[in-house]
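Down below is the structure, laid out as structure tokens.
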Amino acid sequence: MWCVFGLTLLLVALSDSHKVPKPPKPLCEGQLESQKIQELVKTALNSTSPCSTLEKILNGTEQHVHGVKYHFQVQTTQSASCGEVFHGNPVSNLTIFLPSNGTTRPVYYLE
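In mature numbering (1 follows the signal peptide of the UniProt record, and there is no 0), the protein residues as written are -17 to -1, 1 to 94.
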């Protein structure tokens, strides 16, 4: 009986040390329109695609995994300052990762 009890405690301890991250949480319209999120998305777009201007954040999610990971679907237009013709899709997927340690720079990915 003590073996079963000890094995159960070991399994509980192991499962707690390898927690599965929570699924992404959808952001509501108010959160998407907040100044914090708008500035974060504009900074990421400027870094990944300088000729793109944010029109609207269509939707987004937030997930906490060793920091904060955001996924956004954004609608963009071409900046007036760019001379090239825009042939891309006006709706893009943008991922932003803000590491929890605070010393590592944010990671931006646009597709």
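Even for Gly, the Cβ is constructed at its ideal location relative to N, Cα and C.
{"Check": "Hey, is the region 73 to 86 in contact with the region 24 to 43, meaning 3+ C-beta pairs nearer than 8 angstroms?", "Outcome": "yes"}
{"Check": "In whole angstroms, what separates the C-alpha of residue 22 from that of residue 49?", "Outcome": "22 angstroms"}
{"Check": "Mapping DSSP to helix, strand and coil, what is residue 25?", "Outcome": "helix"}
{"Check": "Can you give me the start and stop residues for the beta strand (DSSP E) that residue 81 sits inside?", "Outcome": "74 to 82"}
{"Check": "Would you mind sorting residue 3 into buried or exposed? The rule is 16 or more other CB atoms within 10 Å of its CB.", "Outcome": "exposed"}
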